Structure formats: structure tokens, C-alpha cells
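Notes follow once the structure below has been shown.
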Amino acid sequence: MSLTHMNIMMAFIISLLGLLMYRSHLMSSLLCLEGLMLSLFVLITITTLTAHTTLTNMLPIILLVFAACEAALGLSLLVAVSNTYGTDYVQNLNLLQC
Amino acid sequence: MLIYILFVLSTIFVVGFVGFSSKPSPVYGGIGLIVSGGVGCGIVVSFGGSFLGLMVFLIYLGGMLVVFGYTTAMAMEQYPEVWASNMVVLGSFIVGLIMECMLVLYVLVDGEFGLIVKFNEVGDWVIYDVSSSDIISGETMGVAALYSYGSWLVIITGWSLLIGVVIILEITRGN
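This is the structure:
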């Protein structure tokens, strides 16, 4: 493993921590999810390019397709929340609180 | 110093990630993600993957982040929080920067870093034996194999994108 791999895995962990600890906006968590996908893309790409396994080069593109699907779905949920409450604050999602 | 350009690029990548993961207002988080996306493209291109680096710029930054930018502009607040305007955001940003600085200094002193898996410095420069150098690089051939060996994968992803669009229409219609 090289040091670049270490840095990109560190970026994945930082973005995962940012996703799990939310503040006020739902949009910030979606941005952290996008960061997860970006770090995974770069990690898979540089692993494939150093190991010269040629057919694995299609894997980052497929990952990007499904990340786009999931980002679009998250954004549509945010739009639905924003249409109901006016903002996308996480504290508005309290219908199930005890 | 320029030998370590790949390591410097990946460190800027991590700093951009800390920038949006400390969660300022989403507009500024988008700026951090754009910086990280650009530097990530640089990392991928440094390893020789020119097609996949351009794919980061075109599809990731030019497609997904534009959509994020428009949605952020729609659900924005009147006074967005920059990194210096809230003690929580500034504190977590500084903690992330200090953590990355300590990691980089530890690695530069020793030359390697290993707990369970060893990360060493010479791994950037290992030369793998490439048997042939063609006109079209192996990476482009691998991506082009998406349409020959991976045709079923293309059908599945196309179908899931179509279903995703239908689902999004239904969600945003509400009720």
C-alpha cells in the first residue's frame, strides 16, 4: 500500500464521521455521502491503475452511476421535506419522537 | 519536494474533505467538495487514468454537484454559516487539520506507517511490469469493455436509472 491509499482511506473515514454526526442541515449529510462516493471512486481507480487489472476499470463508472441514483433520491427526499417545512433542518423530522 | 506531488495532492484531498465534513452551511460545503473533486481528478490522472479523471470532472462535478448546487440554492438560509462564524464548525475543522498534520508528520519522520497493514512510501514508485505499450492504453480498453463483457451491467444500470427517475417524480409530487 502506498501513502496515497492511506490518505484517501483517511478521507473516507472523515466523511463517514461527518455523515454520522449531523448538525442542522440535511443537505450537509447528503454532501458527506457524496464525499464517501468520491473517495471510493478515487480509491478503486488508483488500485486498478496500479495493479493493471484492465477489466476492473469499468467498476468506478458503475459506482458513479449508482452514486448518482442515490444522490438524486436523497435530493428528492430533501425537496419533499423542504416543501413541507420550508427549510431542510433535521430537527423538523420529529413526527416519531416519544 | 515535487517528487512527493502525489502525496501533497492526496493531503489537499483530505483537507477539502475536512472542510465540508465539519459542516458549515451547505454552500461552503459544496465548495470543499468541488476542491476535493478537482484534486481527486489530479490524483487519478497522475496514475495514468486520463479517461477516468475526465469522468470525475464531467459527471461528478459537472453533473451531480451542479444538481446539488441548485438544490442548495433552493433550500438556503438567509445568513449562511462560514467556517469561522461558529465555534463548533471552526473547532472541528481545526481538529481535523491537526489530525491530518500529525499523520503527515509521523509518516514523513518514519517513512512508513503501519498498524495492521503497512503503508510505505516506496509504494508510489513501484514499477509493475507492463508487457506491451499499445496506442490505446489499457485503461481505455477496460472502460470500452463495458459494452462487450459488461453489456448486462449496462442494461441493469440503465434500467435502475430509469426506475430512479420515475421514483423521484413520484416522491416530489408528494401526497
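Chains as they are written, first to last, in my numbering: chain A, 1 to 98; chain B, 1 to 175.
Note that CB positions come from ideal geometry on N, CA and C, so glycine has one too.
These numbers come from a predicted model, not from an experiment.
- By the neighbour-count criterion, in which 16 or more other beta carbons inside 10 Å mark a residue as buried, B/T172 falls on the exposed side.
- At least one CB atom of chain A sits nearer than 8 Å to the CB of B/L146.
- Listed along the chain, the chain B residues whose CB falls inside 8 Å of the CB of A/C69 are S160, L161 and G164.
- Looking at the backbone, the Cα of B/G38 and that of B/F57 are separated by about 7 Å.
- Scanning its chain for C-beta atoms nearer than 6 Å, with the 5 sequence neighbours on each side dropped, one finds around A/G35 the residues S15, in chain order.
- The secondary-structure analysis by DSSP pairs A/Y89 across a beta bridge with A/H25.
- For B/V117, the nearest CB of chain A lies under 8 Å from its own CB, placing it at the interface with that chain.
- In the DSSP assignment, A/N7 falls within the unbroken alpha helix (DSSP H) covering L3 to L20.
- Assigned with DSSP and collapsed to three states, B/E112 falls in strand.
- Counting the other Cβ atoms within 10 Å of the Cβ of B/D134 gives fewer than 16, which makes it exposed.
- Per DSSP, the continuous beta strand (DSSP E) segment holding B/F119 begins and ends at K118 to N120.
- With fewer than 16 other Cβ atoms from the protein chains shown falling within 10 Å of its own Cβ, B/D110 counts as exposed.
- Counting only the Cα atoms, B/F113 lies some 39 Å from B/T157.
- Interface with chain A (8 Å Cβ-Cβ cutoff): B/S151 is excluded.
- Not one beta carbon of chain A lies nearer than 8 Å to the beta carbon of B/Y106.
- Taking C-alpha positions only, B/V89 is separated from B/T72 by approximately 19 Å.
- When the beta-carbon positions are compared, B/F51 and B/V117 stay at least 8 Å from each other.
- In this structure, A/L75 lies near A/L30, with their beta-carbon atoms less than 8 Å apart.
- At a cut-off of 8 Å, the C-beta of B/L2 has no neighbouring C-beta in chain A.
- For B/L58, there are no C-beta contacts with chain A under 8 Å, since the nearest C-beta of that chain is about 10 Å from it.
- Against chain A, the beta carbon of B/M55 has neighbours under 8 Å at P60, I61 and L64, listed in chain order.
- DSSP, read as helix, strand or coil, puts A/N83 in helix.
- Annotation for B/S50: the continuous alpha helix (DSSP H) segment containing it runs S50 to M55.
- No Cβ of chain A is located within less than 8 Å of the beta carbon of B/I98.
- Those residues of the stretch 61-74 of chain B placed with their C-beta closer than 8 Å to a C-beta in chain A are G63, M64, L65, V67, F68, T71, T72 and M74, ordered along the chain.
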